[in-house]
Each structure stands twice: as structure tokens, then as C-alpha cells.
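Numbering (UniProt numbering), first residue to last: 1 to 372.
Below: the structure, in C-alpha cells.
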Amino acid sequence: MEIKPLKLGEREARLPLIQGGMGVGISLGGLAGAVAREGGVGIISTAQIGFREPDFDRDSLGANLRAVKKELDRARAIAPEGVIGFNIMVASRCYEEYVKATVAAGADIIISGAGLPMDLPKAAAEAAREAGRETEPALAPIVSTEKAARVVLRYWDKKYKRMPDLLVVEGPLAGGHLGFTREQLDQFVEPGQAASEEISPAYEEEIRAIFKTVLSFEEKYETRIPVALAGGIDNRERARKAFDLGADAIQVASRFVTTEECDADIRYKEAYIRAGKEDIVIVKSPVGMPGRAIRNRFMERVMGGEKIPHSPCHRCLHTCNPAEIPYCITDALVSAAKGDVENALLFCGAGAWKADRIETVREVIQSLFIGS
């Protein structure tokens, strides 16, 4: 497996590795800085990033926007020359304000999913002008199917006359919210349910179809559009398979949870280490999307139909109706980040049960690349 640098707009990462953005206190400046220092792309999630700010319950948006700059500065202090950016969910309320804040803070790249980031080029360009930046950050949509890739590329082509600087293809073995229906998950994952270790041949064909679509736009624009594969890449063999399929980079998330540098509470990390394969389940989030998480007392209550009381709305997702949801996803994820693991939603990837110890970021990266 040949390891080549990953060029992202004006910046270049020494390793073709992106650390996945894990929301609400998991991917913050500490983890992103550590990954960037080792040569990968460090990613901070904007999802309720300001949950530790003293005014978070009163002014969630203000707390979050303030924390964007704090966390990027923290990552820069760790990796002054590293490539560091943000993951912003399209489903976020005030999406454009998060784009503006990350651009103004000095992000090198914005990765955006949980919906299709159709107008990200406009938002980023306007934010760069307002911030007086000479160059915009690299822009990277997340897609899961060929149809989604085609829709985004065609729209960016027609409306903005530009292509993404990176396309992230997040497969069915990823953690957290998934870009698939439950029926698609059954189609794209080998038998074994939530903790299945392999994508199906059908999803490999979907990946090849995405590459074919990308190639058509590369030819039109006479440029390279790097593609990163994500979901279930947790060892050297899986990394090699991703590159053999044609990927320019890999995106890895769950492996970084059980590192010393991860920003999560130690009890969150230990929940991964304790989990068995049978504990990985597909759950329905309050906003209707399927997701992958670790079974715990909280999930048993939710899956049993219990409606769990929640705090006043923190205005996280624009599709959420507080009067109808069975539980508040912000409350559940904040509890996870703070270590109250039995009363929390513990998002994870399909292979999270394999974690058996706390490692360093460097050890994880070596396990993915060195000796290959």
C-alpha cells in the first residue's frame, strides 16, 4: 500500500488520513490537534461544541460559536503546521452561522454531511469575504450513495462552477447517524446486523459507481477530486482494501475514541472497551434517522418505548420537534461526553467492540499504515 500525501485546496496532509468528526465533545481540539500533529487531518465537530460553556443552557448558539474558536486555537497550539478543520452537520439549525464561525476561526477544511451540503460553496465564499481571508477552506461533502454524490456534484457544477476539494464516502459500517434507510443497511451490510465486519458486494459496487461519477466530473473540470472512504476502517487490512478500491484517503473515527488524546471522558472510552459484539445495535434517533450505538440502560429504555424527560430545547437539529421526541439527542450525547454512560447515547462504529485498551493517536495511526 503506497502512502501518498493528501492535497486539500491550498493545504496538504502528510498522510491520507482524516479523523472523523464525532459530535458533542468527542472530537474537539485535543484529538484533532493530536491527529494533525501526526500528519493526518484533524477534525473538530461543531455539534453542540459549546456544551461546557457556562451559558450553554441559556444561549446554546452563542456558546457553540464561541467554542469554535477556542477549540481550533487549542488544536493549533498542538499542531501549528497541521491540517485542521471542522465537521458541520447540514441538519444543524443555523448551519450558515457555523460555516461563518469556522471560516473566520481559520479552518483549513469543512467536511459536511447529515444532509447534502448543496449551498456550502456560497456560505463558505461569503464567510471568507467577511473574514477577509484570501483563500477559502477546502470543502468536502459527505455522501453515502452514488445518487447523493451525483446530486451534489451536478448542483455544484451548475450553480457554482466548482467541484469539492474532497468527497467523503461514508459507508454502512460507520458510527452515529447513517446516511441510509434501514432497508439500505440490510442490503449493504453482510449478515451480522449492527456489528457486521464487512460491507456487502452490493455496497462495493455502489463505491465503484461513485468513483465512476466522480471521474466524469474530473474529466469535465480537468482536475482531481480526491475521495476518502469511511466506515469500518479500523486496521491495516481494511485501510489497504479501501485504497485498493481506489480511495485517495481513509476517514477513521471509532479507533480514535479509545486514545489518550480523545476529548471524551474516560468512562466513555471504557464503555467501548467493555462492549461486546452483541452490544452494537442500530437505533432510531429522535429525528428519525438510523444510527449505530452501544446498547446500555438508556438504549434499553428507549427501545422499550419509554419517553425520557429532557431539558429545554438546545436548538440543535432543524428537523427536531421537542414536543414529539422520545428523548433529547443533545442531552443524551452530552451525558456521554461527560461520562454518565448508563444515561447516554453512545454512538459508535460497527467495530467499536474490538477496542481492548487505551492507545495513543500515534499507535492508532501506525496500526493503520506502518508495515503495510
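All C-beta atoms, glycine included, are put in the ideal place defined by N, C-alpha and C.
Query                                                                                                                                                                                          : Result
For the 8 Å Cβ check, are there 3 or more pairs between the segment 177–187 and the segment 154–163?                                                                                           : no
Relative to the alpha-carbon of Ile-44, which residue among Leu-346, Gly-351, Ala-264 has its alpha-carbon at the smallest distance?                                                           : Ala-264
Would you mind working out which of Arg-297, Val-169, Ser-92, Glu-2 sits nearest Thr-330, comparing C-alpha positions?                                                                         : Ser-92
Could you check whether Ala-63 and Lys-100 sit closer than 7 Å to each other, using their CB atoms as the reference points?                                                                    : no
Between the Cα of Pro-171 and the Cα atoms of Val-189, Lys-307, Ile-111, which residue gives the shortest distance?                                                                            : Before going on, a small fix: residue 171 reads as Gly here, not Pro. Comparing Cα positions, the closest option is Val-189.
Where does Asn-87 sit, in a helix, a strand or coil, going by DSSP?                                                                                                                            : strand
Counting only runs that start and end within the segment 164–190, where is the alpha helix (DSSP H) found for 4 or more residues in a row?                                                     : 182–188
DSSP puts Val-143 in a beta bridge; with which residues?                                                                                                                                       : Val-169
Please go through the same chain and pick out, in chain order, the residues whose beta-carbon is closer than 8 Å to the beta-carbon of Arg-301, but skip the five residues on each side of it. : Ile-308
Mind checking whether Gly-291 and Leu-178 have CB atoms under 7 Å apart?                                                                                                                       : yes
For the segment 58–72 and the segment 347–354, state whether three or more C-beta atom pairs, one from each stretch, are separated by less than 8 Å.                                           : no
Quick check on Arg-292: does DSSP put it in helix, strand or coil?                                                                                                                             : strand
With H, G and I counted as helix, E and B as strand and the rest as coil, what does DSSP make of Phe-51?                                                                                       : coil
Kindly indicate which three-state DSSP category Glu-222 falls into: helix, strand or coil?                                                                                                     : coil
Just to confirm my understanding: we take Tyr-155, look at its own chain, exclude 5 residues before and 5 after, and list those with CB closer than 7 Å. What are they?                        : Met-118
Per DSSP, what are the beta-bridge partners of Leu-8 in this structure?                                                                                                                        : Arg-11
So residue 379 and Cys-262 are in contact, right, with Cβ under 8 Å, and what is the actual spacing, rounded?                                                                                  : No statement about residue 379 is possible, as the shown extent of the chain runs from 1 to 372 and does not include it.
In the structure shown, what three-state DSSP assignment does Ala-253 receive?                                                                                                                 : coil
Counting C-beta neighbours from all protein chains within 10 Å, is the total for Ser-372 16 or more, i.e. buried, or is it exposed?                                                            : Interpretation of Ser-372 is limited by its pLDDT of 47, a score under 50 that renders its predicted location unreliable; the figure taken from the coordinates is listed afterwards. So Ser-372 counts as exposed.
State the Cα-Cα distance for the pair Glu-134 and Ser-285, rounded to the nearest angstrom.                                                                                                    : 40 Å
For Gly-40, which of helix, strand or coil comes out of DSSP?                                                                                                                                  : coil
Check whether the segment 135–143 and the segment 107–118 are in contact - that is, three or more C-beta pairs closer than 8 Å.                                                                : yes
Quick one: is Glu-206 buried, meaning 16 or more other Cβ sit within 10 Å of its Cβ, or exposed?                                                                                               : buried
Are the beta-carbon atoms of Ser-254 and Gly-175 separated by less than 7 Å?                                                                                                                   : yes
Can you give the Cα-Cα distance for Phe-369 and Asp-57, rounded to whole angstroms?                                                                                                            : 42 Å
Would you report the Cα separation of Ile-273 and Ala-352, rounded to the nearest angstrom?                                                                                                    : 8 Å
Taking Ser-112 as part of the beta strand (DSSP E), name the residues at either end of that continuous run.                                                                                    : 109–113
If you drop the 5 nearest sequence neighbours on each side, which residues of the same chain put their C-beta closer than 8 Å to that of Arg-297?                                              : Glu-342, Asn-343
Roughly how many whole angstroms lie between the Cα atoms of Ile-18 and Arg-52?                                                                                                                : 25 Å
Within a Cβ cutoff of 8 Å, which residues of the same chain sit near Val-257, ignoring the five residues on either side of it in sequence?                                                     : Met-22, Ile-26, Ala-264, Tyr-268, Lys-269, Tyr-272, Cys-348, Ala-352, Ala-355
If we count the other Cβ atoms within 10 Å of its Cβ and call it buried at 16 or more, is Ile-266 buried or exposed?                                                                           : exposed
Please identify the residue among Glu-81, Lys-70, Met-299 whose C-alpha is closest to the C-alpha of Thr-102.                                                                                  : Lys-70
My output table needs one value for Glu-81: the three-state DSSP class, helix, strand or coil.                                                                                                 : coil
Distance check for Val-90 and Ala-249, CA to CA, integer angstroms please.                                                                                                                     : 23 Å
Is it buried or exposed for Asp-244, if we count other Cβ within 10 angstroms and need 16 for buried?                                                                                          : exposed
Do Val-364 and Ala-34 have their CB atoms nearer than 7 Å?                                                                                                                                     : no
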